[in-house]
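Here's the structure, in structure tokens; my notes come after.
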Amino acid sequence: MIPGQVHVQLDEKAIRNYIQQQIDQQIHDTLLMVDLEKLVVITSMSKRFLEDEILSDPRMRLIERRKARKRWWLYKPAIEVIQEITENW
Numbered sequence: 170m171i172p173g174q175v176h177v178q179l180d181e182k183a184i185r186n187y188i189q190q191q192i193d194q195q196i197h198d199t200l201l202m203v204d205l206e207k208l209v210v211i212t213s214m215s216k217r218f219l220e221d222e223i224l225s226d227p228r229m230r231l232i233e234r235r236k237a238r239k240r241w242w243l244y245k246p247a248i249e250v251i252q253e254i255t256e257n258w
């Protein structure tokens with residue numbers, strides 16, 4: 170009997186993208202609200218850039234929630250508004 174050889178080639182970039190998509194989906198399903206710190210992580214934008222370009226937009230102000238100087242945004246609407254804003258750049 171001839172010994173068989175199996176060669177498996179893995180696309181590491183595709184695997185990373187798939188894992189990131191799965192993580193994003195889990196986060197998307199579990200988050201209700203986000204604050205500025207979480208938006209920094211989610212968008213990979215600096216606080217200052219977010220303040221100047223995204224959070225000052227009237228659409229983001231409509232979904233903003235405040236209490237004692239603390240601000241939150243509903244996760245799903247915030248992501249949709251950010252996508253709308255960035256599509257127009």
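My numbering applies: residue 170 is where the sequence shown begins, and numbers increase by one.
C-beta: ideal position from N, C-alpha, C; glycine also.
How many whole angstroms separate the CB atoms of R240 and D193, which I take to be in contact at a CB cut-off of 8 Å? As a working note, residue 240 is residue 71 in the sequence shown. As a working note, residue 193 is residue 24 in the sequence shown. The pair is not a contact, with the Cβ atoms about 23 Å apart (cut-off 8 Å).
Euclidean distance between Cα positions of R230 and E256: What you label residue 230 is simply residue 61 of the sequence shown in a count that begins at 1. What you label residue 256 is simply residue 87 of the sequence shown in a count that begins at 1. For R230 and E256, the distance between alpha carbons rounds to 18 Å.
Under 9 Å between the Cβ atoms of V250 and D221? As a first step, residue 250 is located in the sequence shown; it is residue number 81 there, counting from the start. As a first step, residue 221 is located in the sequence shown; it is residue number 52 there, counting from the start. Between V250 and D221, the CB-CB gap reaches or exceeds 9 Å.
Just tell me which of Y187, A247, N186 and R238 has its CA closest to the CA of T212. Indexing the sequence shown from 1 puts residue 212 at position 43. Of the candidates Y187, A247, N186 and R238, the one whose C-alpha sits nearest the C-alpha of T212 is A247.
Would you mind giving the Cβ-Cβ distance between L219 and V209, rounded to the nearest angstrom? I have them listed as a contact below 8 Å. Locating residue 219 in the sequence shown gives position 50, where the first residue counts as 1. Locating residue 209 in the sequence shown gives position 40, where the first residue counts as 1. V209 and L219 do touch by the CB rule: their CB atoms are close to 7 Å apart, below 8 Å.
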